[in-house]
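Quick note on numbering: full-length UniProt numbering labels position 164 of the sequence shown as 164, and the sequence is numbered without any gaps.
Since the structure comes first, as C-alpha coordinates, the remarks are kept for the end.
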Amino acid sequence: MKVALIGITGRVGTRVATELLQRNHTVTGIARNPERVEAEQGLTVVKGDAADPAVLAPLLAGHDAVISAGRFASMDAHKLIDAVKRAAVPRLLVVGGAGSLDVAPGKALIDAPEFPEVYKAEASAGRVFLQVLRAEAKDAPLNWTFLSPSALFEPGERTGKFRLGGDALLVDANGKSWISMEDYAIALVDELERNQHPHARFTVGY
(Lines of atoms letter the chains of each structure in order from A and count residues from 1; the text may use other names and numbers.)
(Lines give C-alpha, C1' and ligand atoms only; values in the text may rest on other atoms or scores of the structure.)
Protein backbone atom coordinates (compact mmCIF):
# COMPACT_ATOMS: atom_id res chain seq x y z
CA MET A 1 0.00 0.00 0.00
CA LYS A 2 0.93 3.64 -0.23
CA VAL A 3 0.87 5.01 3.31
CA ALA A 4 1.22 8.56 4.66
CA LEU A 5 2.81 8.52 8.11
CA ILE A 6 2.39 11.58 10.34
CA GLY A 7 4.94 11.82 13.14
CA ILE A 8 7.61 9.70 11.49
CA THR A 9 10.40 11.27 13.59
CA GLY A 10 8.93 10.11 16.91
CA ARG A 11 9.87 6.96 18.81
CA VAL A 12 6.76 5.10 17.68
CA GLY A 13 6.71 6.64 14.21
CA THR A 14 10.23 5.48 13.38
CA ARG A 15 9.35 1.91 14.33
CA VAL A 16 6.10 1.96 12.38
CA ALA A 17 8.01 3.24 9.34
CA THR A 18 10.53 0.41 9.70
CA GLU A 19 7.76 -2.19 9.88
CA LEU A 20 5.97 -0.73 6.86
CA LEU A 21 9.12 -0.67 4.75
CA GLN A 22 10.07 -4.22 5.76
CA ARG A 23 6.71 -5.33 4.36
CA ASN A 24 7.32 -3.47 1.10
CA HIS A 25 4.76 -0.73 1.62
CA THR A 26 5.57 2.69 0.17
CA VAL A 27 5.79 5.36 2.87
CA THR A 28 5.45 9.14 2.74
CA GLY A 29 6.71 10.47 6.04
CA ILE A 30 5.23 13.82 7.09
CA ALA A 31 7.29 15.78 9.58
CA ARG A 32 7.91 19.32 10.73
CA ASN A 33 11.63 18.64 10.47
CA PRO A 34 12.08 16.21 7.55
CA GLU A 35 15.86 16.63 7.63
CA ARG A 36 15.88 14.44 10.76
CA VAL A 37 14.86 11.38 8.72
CA GLU A 38 17.49 9.38 6.84
CA ALA A 39 16.82 8.54 3.20
CA GLU A 40 15.71 4.97 2.60
CA GLN A 41 14.35 2.95 -0.32
CA GLY A 42 10.57 3.15 -0.41
CA LEU A 43 10.48 6.23 1.84
CA THR A 44 9.79 9.82 0.88
CA VAL A 45 9.79 12.53 3.56
CA VAL A 46 7.98 15.83 3.17
CA LYS A 47 7.55 18.87 5.38
CA GLY A 48 4.05 19.22 6.82
CA ASP A 49 2.02 20.16 9.89
CA ALA A 50 -0.97 18.09 11.01
CA ALA A 51 -2.52 21.21 12.54
CA ASP A 52 -3.20 22.80 9.15
CA PRO A 53 -5.75 20.84 7.04
CA ALA A 54 -5.32 23.06 3.99
CA VAL A 55 -1.59 22.30 3.86
CA LEU A 56 -1.86 18.69 5.01
CA ALA A 57 -4.61 17.49 2.66
CA PRO A 58 -2.56 17.80 -0.57
CA LEU A 59 0.24 15.82 1.05
CA LEU A 60 -2.16 13.01 1.95
CA ALA A 61 -3.89 12.82 -1.43
CA GLY A 62 -3.23 9.67 -3.43
CA HIS A 63 -2.48 7.44 -0.44
CA ASP A 64 -4.34 4.27 0.55
CA ALA A 65 -4.15 5.07 4.26
CA VAL A 66 -2.94 7.62 6.77
CA ILE A 67 -1.23 6.59 10.00
CA SER A 68 -1.07 9.25 12.69
CA ALA A 69 1.73 8.79 15.23
CA GLY A 70 1.83 12.37 16.47
CA ARG A 71 1.31 13.68 20.00
CA PHE A 72 -2.32 14.26 20.91
CA ALA A 73 -1.54 17.36 22.95
CA SER A 74 -0.36 19.14 19.80
CA MET A 75 -3.00 17.77 17.43
CA ASP A 76 -6.65 18.57 16.75
CA ALA A 77 -8.70 15.51 15.84
CA HIS A 78 -11.25 17.53 13.88
CA LYS A 79 -8.54 19.14 11.75
CA LEU A 80 -6.79 15.84 11.02
CA ILE A 81 -10.06 14.13 10.08
CA ASP A 82 -10.92 17.11 7.88
CA ALA A 83 -7.58 16.83 6.07
CA VAL A 84 -7.95 13.08 5.53
CA LYS A 85 -11.46 13.55 4.13
CA ARG A 86 -10.38 16.43 1.90
CA ALA A 87 -7.64 14.22 0.51
CA ALA A 88 -10.18 11.42 -0.09
CA VAL A 89 -8.00 8.88 1.74
CA PRO A 90 -10.29 6.01 2.81
CA ARG A 91 -8.53 4.94 6.02
CA LEU A 92 -7.04 6.57 9.12
CA LEU A 93 -5.11 4.54 11.68
CA VAL A 94 -4.17 6.28 14.93
CA VAL A 95 -1.39 5.40 17.36
CA GLY A 96 -3.46 5.67 20.52
CA GLY A 97 -2.74 5.88 24.22
CA ALA A 98 -3.42 3.55 27.14
CA GLY A 99 -5.04 6.16 29.38
CA SER A 100 -8.52 5.70 27.92
CA LEU A 101 -8.51 1.91 28.38
CA ASP A 102 -10.86 0.48 31.00
CA VAL A 103 -9.43 -0.95 34.24
CA ALA A 104 -12.88 -1.53 35.75
CA PRO A 105 -16.47 -0.98 34.60
CA GLY A 106 -16.86 2.73 33.96
CA LYS A 107 -13.30 3.51 35.08
CA ALA A 108 -10.44 4.35 32.73
CA LEU A 109 -6.74 3.97 33.50
CA ILE A 110 -6.27 7.74 33.45
CA ASP A 111 -8.78 8.06 36.30
CA ALA A 112 -6.87 5.70 38.59
CA PRO A 113 -5.16 7.47 41.55
CA GLU A 114 -1.78 5.98 40.63
CA PHE A 115 -1.84 7.29 37.06
CA PRO A 116 1.29 9.50 36.70
CA GLU A 117 0.48 13.20 36.68
CA VAL A 118 3.16 13.88 34.07
CA TYR A 119 1.23 11.83 31.46
CA LYS A 120 -2.26 13.16 32.20
CA ALA A 121 -2.33 16.02 29.67
CA GLU A 122 -1.36 13.76 26.77
CA ALA A 123 -3.66 10.96 27.94
CA SER A 124 -6.59 13.35 28.31
CA ALA A 125 -6.02 14.69 24.81
CA GLY A 126 -5.90 11.10 23.54
CA ARG A 127 -9.22 10.30 25.16
CA VAL A 128 -10.80 13.35 23.51
CA PHE A 129 -9.32 12.31 20.15
CA LEU A 130 -10.93 8.87 20.51
CA GLN A 131 -14.27 10.46 21.41
CA VAL A 132 -14.14 12.58 18.25
CA LEU A 133 -13.44 9.49 16.14
CA ARG A 134 -16.30 7.60 17.76
CA ALA A 135 -18.63 10.48 16.92
CA GLU A 136 -17.93 9.85 13.23
CA ALA A 137 -20.89 8.10 11.58
CA LYS A 138 -20.11 4.48 10.77
CA ASP A 139 -21.45 4.98 7.28
CA ALA A 140 -19.18 7.98 6.71
CA PRO A 141 -16.50 7.56 4.04
CA LEU A 142 -13.67 7.62 6.61
CA ASN A 143 -12.75 4.22 8.02
CA TRP A 144 -10.80 4.86 11.25
CA THR A 145 -9.01 2.58 13.71
CA PHE A 146 -7.43 3.58 17.05
CA LEU A 147 -4.84 1.17 18.50
CA SER A 148 -4.04 1.64 22.19
CA PRO A 149 -0.81 0.21 23.58
CA SER A 150 -0.52 -1.30 27.04
CA ALA A 151 0.36 0.85 30.07
CA LEU A 152 4.14 0.44 29.73
CA PHE A 153 5.07 1.38 26.18
CA GLU A 154 8.79 1.59 25.49
CA PRO A 155 11.35 0.61 22.83
CA GLY A 156 12.25 -3.05 23.12
CA GLU A 157 12.31 -6.35 21.28
CA ARG A 158 10.41 -7.36 18.15
CA THR A 159 9.01 -10.76 19.13
CA GLY A 160 5.81 -11.01 17.08
CA LYS A 161 4.12 -12.62 20.12
CA PHE A 162 1.36 -10.58 21.75
CA ARG A 163 -2.36 -10.52 22.50
CA LEU A 164 -5.09 -8.27 21.16
CA GLY A 165 -7.98 -6.91 23.21
CA GLY A 166 -10.84 -4.44 23.05
CA ASP A 167 -11.42 -1.51 25.40
CA ALA A 168 -9.95 -3.10 28.55
CA LEU A 169 -6.31 -2.77 29.63
CA LEU A 170 -4.41 -6.01 29.03
CA VAL A 171 -2.24 -7.37 31.86
CA ASP A 172 -0.06 -10.47 31.99
CA ALA A 173 -0.12 -13.25 34.60
CA ASN A 174 1.98 -11.10 36.94
CA GLY A 175 -0.30 -8.08 36.63
CA LYS A 176 2.07 -6.21 34.32
CA SER A 177 0.67 -4.27 31.36
CA TRP A 178 3.27 -3.76 28.66
CA ILE A 179 4.16 -3.91 24.98
CA SER A 180 7.30 -2.98 23.08
CA MET A 181 7.06 -0.32 20.40
CA GLU A 182 8.43 -2.86 17.93
CA ASP A 183 5.64 -5.37 18.59
CA TYR A 184 3.08 -2.56 18.65
CA ALA A 185 4.22 -1.64 15.14
CA ILE A 186 3.58 -5.21 14.01
CA ALA A 187 0.01 -5.09 15.35
CA LEU A 188 -0.62 -1.72 13.70
CA VAL A 189 0.65 -2.77 10.29
CA ASP A 190 -1.26 -6.06 10.60
CA GLU A 191 -4.40 -3.95 11.05
CA LEU A 192 -3.48 -1.85 8.04
CA GLU A 193 -3.25 -4.98 5.93
CA ARG A 194 -6.21 -6.92 7.37
CA ASN A 195 -8.72 -4.17 8.29
CA GLN A 196 -10.19 -6.20 11.17
CA HIS A 197 -11.18 -3.28 13.43
CA PRO A 198 -12.99 -0.71 11.28
CA HIS A 199 -14.55 2.21 13.20
CA ALA A 200 -13.16 0.79 16.44
CA ARG A 201 -10.51 0.98 19.12
CA PHE A 202 -8.53 -2.08 20.13
CA THR A 203 -5.43 -2.74 22.20
CA VAL A 204 -2.29 -4.85 22.17
CA GLY A 205 -0.19 -6.30 24.99
CA TYR A 206 1.68 -9.31 26.29
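By construction, the Cβ of each residue, glycine as well, lies at the ideal position given by its N, Cα and C atoms.
query                                                                                                                                                                  : result
Looking at the secondary structure, which residues open and close the beta strand (DSSP E) in which Thr203 lies?                                                       : Ala200 to Gly205
Within 10 angstroms of the Cβ of Glu193, are there 16 or more other Cβ atoms? Answer buried if so, exposed if not.                                                     : exposed
Pull up the distance between the alpha-carbon of Gln131 and that of Ser100, whole angstroms please.                                                                    : 10 Å
Just the C-alpha distance for Ala140 and Leu59, rounded to the nearest angstrom, thanks.                                                                               : 22 Å
Between the Cα of Ile67 and the Cα atoms of His25, Asn33 and Ala98, which residue gives the shortest distance?                                                         : His25
When you compare the stretch 142-157 with the stretch 94-109, are there three or more beta-carbon pairs, one atom per stretch, that lie closer than 8 Å?               : yes
When the distance is taken between beta carbons, is Phe115 closer than 7 Å to Ala77?                                                                                   : no
On the DSSP bridge assignment, give the partners of Phe153 in chain order.                                                                                             : Ile179
Is it right to say Arg163 is buried, meaning 16 or more other beta carbons lie within 10 angstroms of its own, or is it exposed?                                       : exposed
By the DSSP assignment, the beta strand (DSSP E) with Ile81 in it spans what residues?                                                                                 : First-last for Ile81: Ala77 to Arg86, but that is the alpha helix (DSSP H), not the beta strand (DSSP E).
Do Val198 and Asn143 have their CB atoms nearer than 7 Å?                                                                                                              : The question names Val, yet the displayed sequence has Pro at residue 198. Contact: yes.
Taking just the CA atoms, how far does Val16 sit from Leu80?                                                                                                           : 19 Å
Quick one: measure Cβ to Cβ for residue 219 and Val103, integer angstroms, because I've assumed they're closer than 8 Å.                                               : As shown, the chain starts at 1 and ends at 206. That puts residue 219 outside it, with no answer to give.
Between Val55 and Asn174, what straight-line distance do the alpha-carbon atoms span, to the nearest angstrom?                                                         : 47 Å
Express the C-alpha separation of Gly160 and Arg127 in angstroms, rounding to a whole number.                                                                          : 27 Å
What does DSSP give as the partner residue(s) for residue 207 in the beta ladder?                                                                                      : It is not possible to answer for residue 207, since the shown part of the chain is limited to 1 through 206.
Taking the beta carbon of Glu154 as the centre, do at least 16 other beta carbons fall within 10 Å, making it buried, or is it exposed?                                : exposed
Can you tell me where the beta strand (DSSP E) holding Thr145 begins and where it ends?                                                                                : Asn143 to Ser148
Can you tell me which of the three DSSP states Ala104 falls into?                                                                                                      : strand
Ala50 and Ile6 - do their beta-carbons sit closer together than 7 Å?                                                                                                   : yes
For Phe108, collect the residues of the same chain with a Cβ closer than 8 Å to its Cβ; drop the 5 residues on either side in sequence, then sort them by chain order. : Checking the displayed sequence, the identity of residue 108 turns out to be Ala instead of Phe. Contacts found: Gly99, Ser100, Leu101, Asp102 and Arg127.
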